[in-house]
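Enquirer:
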Amino acid sequence: MSALAALGLEWADRAFPPPLERAQAFSREVLDKDGHLLRAFATPDGLWRLKTTVGDVDPRFVDMLVAYEDQRFREHRGVDPLALGRAALQFITNGRIVSGASTLSMQVARLIEPRERRSLTAKLLQLARAVQIERRLSKEQILDLYLTHAPYGGNLEGVRAASLAWFGKEPRRLSVGEAAMLVALPQLPEKRRPDRNLAAADAARKRVLARAAVAKVIGEGEAERAAMTAIPARRLQLPAHAAHLAEAALRKDPQALRHETTLRREIQRGLEAVAREGAAKLGPKVSVAMLMADVRTGEIVGEVGSADYFDASRSGWIDMTRITRSPGSTLKPFIYGLALEEGLVSQETIIEDRPADFFGYRPRNFDMSYQGDVSIRQALQLSLNVPAIRLLDAVGPARLMVRFRRAEVRPKLPAHEAPGLAIGLGGVGITLRDLVQLYAGLANRGLPVRLGDGIEGKPGLIDGESLLSPVASWQVADILSGVLPPTGSRQRGIAYKTGTSYGYRDAWSVGFDGRYVLGVWVGRPDHGAVPGLTGYGAAAPILFEGFARAGVAITPLPDAPAGAIRLAQADLPIGQRRFSVTANGLPSTSIREAAPQIVFPPEGARVELGATAGQALMPLTLKLQGGRAPFRWLANGRPLPDVTRRRVSQWLPDGGGYSTLTVIDALGRASTVRVFVE
Numbered sequence: 001m002s003a004l005a006a007l008g009l010e011w012a013d014r015a016f017p018p019p020l021e022r023a024q025a026f027s028r029e030v031l032d033k034d035g036h037l038l039r040a041f042a043t044p045d046g047l048w049r050l051k052t053t054v055g056d057v058d059p060r061f062v063d064m065l066v067a068y069e070d071q072r073f074r075e076h077r078g079v080d081p082l083a084l085g086r087a088a089l090q091f092i093t094n095g096r097i098v099s100g101a102s103t104l105s106m107q108v109a110r111l112i113e114p115r116e117r118r119s120l121t122a123k124l125l126q127l128a129r130a131v132q133i134e135r136r137l138s139k140e141q142i143l144d145l146y147l148t149h150a151p152y153g154g155n156l157e158g159v160r161a162a163s164l165a166w167f168g169k170e171p172r173r174l175s176v177g178e179a180a181m182l183v184a185l186p187q188l189p190e191k192r193r194p195d196r197n198l199a200a201a202d203a204a205r206k207r208v209l210a211r212a213a214v215a216k217v218i219g220e221g222e223a224e225r226a227a228m229t230a231i232p233a234r235r236l237q238l239p240a241h242a243a244h245l246a247e248a249a250l251r252k253d254p255q256a257l258r259h260e261t262t263l264r265r266e267i268q269r270g271l272e273a274v275a276r277e278g279a280a281k282l283g284p285k286v287s288v289a290m291l292m293a294d295v296r297t298g299e300i301v302g303e304v305g306s307a308d309y310f311d312a313s314r315s316g317w318i319d320m321t322r323i324t325r326s327p328g329s330t331l332k333p334f335i336y337g338l339a340l341e342e343g344l345v346s347q348e349t350i351i352e353d354r355p356a357d358f359f360g361y362r363p364r365n366f367d368m369s370y371q372g373d374v375s376i377r378q379a380l381q382l383s384l385n386v387p388a389i390r391l392l393d394a395v396g397p398a399r400l401m402v403r404f405r406r407a408e409v410r411p412k413l414p415a416h417e418a419p420g421l422a423i424g425l426g427g428v429g430i431t432l433r434d435l436v437q438l439y440a441g442l443a444n445r446g447l448p449v450r451l452g453d454g455i456e457g458k459p460g461l462i463d464g465e466s467l468l469s470p471v472a473s474w475q476v477a478d479i480l481s482g483v484l485p486p487t488g489s490r491q492r493g494i495a496y497k498t499g500t501s502y503g504y505r506d507a508w509s510v511g512f513d514g515r516y517v518l519g520v521w522v523g524r525p526d527h528g529a530v531p532g533l534t535g536y537g538a539a540a541p542i543l544f545e546g547f548a549r550a551g552v553a554i555t556p557l558p559d560a561p562a563g564a565i566r567l568a569q570a571d572l573p574i575g576q577r578r579f580s581v582t583a584n585g586l587p588s589t590s591i592r593e594a595a596p597q598i599v600f601p602p603e604g605a606r607v608e609l610g611a612t613a614g615q616a617l618m619p620l621t622l623k624l625q626g627g628r629a630p631f632r633w634l635a636n637g638r639p640l641p642d643v644t645r646r647r648v649s650q651w652l653p654d655g656g657g658y659s660t661l662t663v664i665d666a667l668g669r670a671s672t673v674r675v676f677v678e
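What follows is the structure in structure tokens.
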């Protein structure tokens, strides 16, 4: 008979297994690079139920839980006969229930298969389910289920959700008082909610502390001190950072429970606060978008799509980091970089800021005034329009667009139009994300960097040609690092540029140090004008505040690469002292000067290429101005292998010491300099 009974029980166990599959509906989580929770999504039935394991909580909490709820949890097989006998005896003696006999396994059975009414039948089924659960799961797995499903009032389930809602932190490091409160709440979660009945929550916590002290899980003095700590009187919101990126992560993989990102929580939290406060100062309907990336890896570390995702008045649901807008003057640094790379100008070259007509296109400065003769450095720092267009006319708009494509950025031109001079002043469309990608390449010594999507994209260096040469990139960064910070902001050692689109619709600011690049857009998502909105007045203060509150130390800008040098205006070669153009549009210092002139390296320069350190020598960039292509270069009287039509070449010396460099143009005219290679 006993064998038949055993077989019958075995059949029943297999025929009616516990509904463990019901315990699989969890809140989906979006995590930062270090595994910190950025945002959680409620389950389909509206519960905050974050999957939790024993390893996710403070070990002392588990000890207190077992001591209070089920002291022989690790010894019994789902049902504790001693507890059942004690409860039955107390009921007979007192005529009422004095203490329960429910084990943690029985509580798990009730949580995954709840019953509306309490009855003897329900209790017996709970006992049977507890035994079944113990046969299928380890003690650790049973604890995991309890930690995930225990009720904590309202729509909170599980200790992680409760710890975040009541204490604003993960349960890995709980104080004694916090742990005791989280042990006490699930018994009567609605009656003991501290935001509704503080006295009941406090009394329940004290009972847990007393039991834990008796079980020697904590000391008596520790229990007394914990009992005097404050209990939170209000429930906190669960983390809800990176709203736009979190939504994108769910769309990318709807089935995943956890979504890892490249964001860093502290950076994200700081940028969101800055964007929210900045928009509030700028007035109604104005939004702010920010994007911060690591220039070495291309990883997005902070992304704010709007000032407030839930603010309908600012169209907060629109991710403005991915919307195409006019960039204003923010593309000017790349125009100057091309001109510097080609040897057309140096930082102290004089250029005219006067009214000009480029075949009917008449650019004007933002303030409608002109500065006259200014240096290239001043022209870029002051963001003067006419000098930028003079240089763009010399290097060519199409060449500028080619450089952008090297960085995998394709600004949007007006329909059926070729690149024109207007792109230098914002006559093209670009997203904040693409603009930050361009500046990441500039900050990375001209090596283009691909930004990831913040989720699973593959960031990193882009194979192929450079965005700008290392020397030109350093020259541009050196100029931008000298731009004065906006009024009220402290100098932070960053290089930055601002921009304002036509009609005061978009304000921009993009800045970088030696490690991170941060881009800021300010405006109305509906493309409405905001009178007085400028990049310097609106976006730049947000940029500086963003760097200040991102929680990252400012990394110094890179040192000058080999061949990079700043010369005073008086020390420049004749060909670089003033920029102008000839009648046929070719750049020249004087309409009558056409002979070739070596502008880099200058006469008598000492260039450090690694000779004295015993390392492999680096190539030296050679630049010339004027002359007629093709050009032949000679080093110490010996011709270099290739004849070139470009005004920028490279020479790899045989060793250190003095060398003589000569260039000869198609008309036989020559220019020579003598340099010392170190």
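full-length UniProt numbering puts the first residue of the sequence shown at 1, with every later residue one more than the last. Every residue gets a Cβ at the ideal spot worked out from N, C-alpha and C, and that includes glycine.
On the premise that Q597 lies in contact with D671, defined as a C-beta separation below 8 Å, what is that separation, rounded to the nearest angstrom?
Expert: The identity of residue 671 in the sequence shown is Ser, whereas the question assumes Asp. Sure, about 5 Å apart at Cβ, within 8 Å.
Enquirer: Per DSSP, K285 is paired with what?
Expert: Answer is none; K285 lacks a bridge partner.
Enquirer: In three-state terms, what does DSSP make of G563?
Expert: coil
Enquirer: I need the DSSP call for A307, collapsed to helix, strand or coil.
Expert: coil
Enquirer: Pick out whichever of A233, V217 and G221 has its Cα sitting closest to the Cα of D202.
Expert: A233
Enquirer: Flag this pair as yes or no: are the beta carbons of L572 and S346 separated by less than 8 Å?
Expert: yes
Enquirer: For A138, count the other beta carbons within 10 Å of its own beta carbon; 16 or more makes it buried, fewer makes it exposed. Which is it?
Expert: Here residue 138 turns out to be Ser, not Ala, going by the sequence shown. With fewer than 16 Cβ atoms within 10 Å of its Cβ, S138 is classed as exposed.
Enquirer: Are there 16 or more other CB atoms within 10 angstroms of the CB of T324, so buried, or fewer, so exposed?
Expert: exposed
Enquirer: Using DSSP with H/G/I as helix, E/B as strand and the rest coil, what is H149?
Expert: helix
Enquirer: Distance check for L380 and residue 681, CA to CA, integer angstroms please.
Expert: Because the chain is modelled from 1 through 678, residue 681 falls outside the range shown and cannot be assessed.
Enquirer: Beta-carbon separation of G426 and G328 under 8 Å?
Expert: yes
Enquirer: Under a Cβ-count criterion, where at least 16 other Cβ atoms within 10 Å of its own Cβ denotes burial, should residue 681 be classed as buried or exposed?
Expert: For residue 681 there is no data in the structure shown, the boundaries of the chain being 1 and 678.
Enquirer: So, does the CB of G154 fall closer than 8 Å to a CB anywhere in chain B?
Expert: Of the protein chains in this structure there is only one, and it is not chain B.
Enquirer: Are the stretch 622-639 and the stretch 650-667 touching by the rule of at least three beta carbon pairs closer than 8 Å?
Expert: yes
Enquirer: Go through its chain and collect everything with a Cβ distance to R322's Cβ below 7 Å, but skip five positions before and after it.
Expert: Counting only Cβ-Cβ distances below 7 Å, and skipping sequence neighbours, we find T431 and R433.
Enquirer: Have a look at the DSSP bridge pairing and note the partners of K412.
Expert: G429
Enquirer: For the stretch 497-510 against the stretch 537-547, are there 3 or more C-beta pairs whose distance is under 8 Å?
Expert: As far as the Cβ criterion goes, the stretch 497-510 touches the stretch 537-547, which means the pair count is three or higher.
Enquirer: Three-state secondary structure (DSSP) at H244?
Expert: helix
Enquirer: Give, in chain order, every unbroken run of the beta strand (DSSP E) that is at least 3 residues long and sits entirely within the stretch 340-426.
Expert: 350-353 and 372-375
Enquirer: Between A212, R647, R669 and G656, which lies nearest to L340 when the distance is taken from Cα to Cα?
Expert: R647
Enquirer: Considering only residues of the stretch 466-505, which uninterrupted alpha helix (DSSP H) runs meet the minimum length of 4 residues and lie entirely inside it, listed in chain order?
Expert: Segments of the alpha helix (DSSP H) lying fully in the stretch 466-505: 470-480.
Enquirer: Report yes if the C-beta distance between P561 and P470 is below 8 Å; otherwise report no.
Expert: yes
Enquirer: On the DSSP bridge assignment, give the partners of Y658 in chain order.
Expert: F676.
Enquirer: Below 8 Å between beta carbons: does that hold for A273 and R549?
Expert: Between A273 and R549, the C-beta spacing is below 8 Å.
Enquirer: With DSSP run on the structure shown, which of helix, strand or coil describes G551?
Expert: coil
Enquirer: Distance, Cα to Cα, R406 vs A495?
Expert: 22 Å
Enquirer: How far does the alpha helix (DSSP H) with G221 in it reach, from first residue to last?
Expert: E220 to A227
Enquirer: Leaving out the 5 sequence neighbours to the left and right, which residues in its chain are closer than 8 Å to P44 when beta-carbon positions are compared?
Expert: Closer than 8 Å at Cβ, skipping near neighbours: A25.
Enquirer: Less than 6 Å between C-beta atoms, sequence neighbours within five positions excluded: which residues of the same chain meet that for L442?
Expert: S473
Enquirer: How is the beta strand (DSSP E) around Y516 delimited, first residue to last?
Expert: Y516 to G523
Enquirer: Given this structure, state the Cα-to-Cα distance separating Q475 from E352, to the nearest angstrom.
Expert: 20 Å
Enquirer: Can you tell which of L543, A204 and G488 has the C-alpha that lies nearest to the C-alpha of A507?
Expert: L543
Enquirer: May I ask which residues mark the beginning and end of the alpha helix (DSSP H) holding Q107?
Expert: L104 to I112
Enquirer: What does DSSP give as the partner residue(s) for W48 in the beta ladder?
Expert: L156
Enquirer: How about the stretch 297-309 and the stretch 355-365: do they share at least three Cβ pairs that are nearer than 8 Å?
Expert: no
Enquirer: What residue range is occupied by the uninterrupted beta strand (DSSP E) comprising A40?
Expert: Unbroken beta strand (DSSP E) run through A40: L37 to F41.
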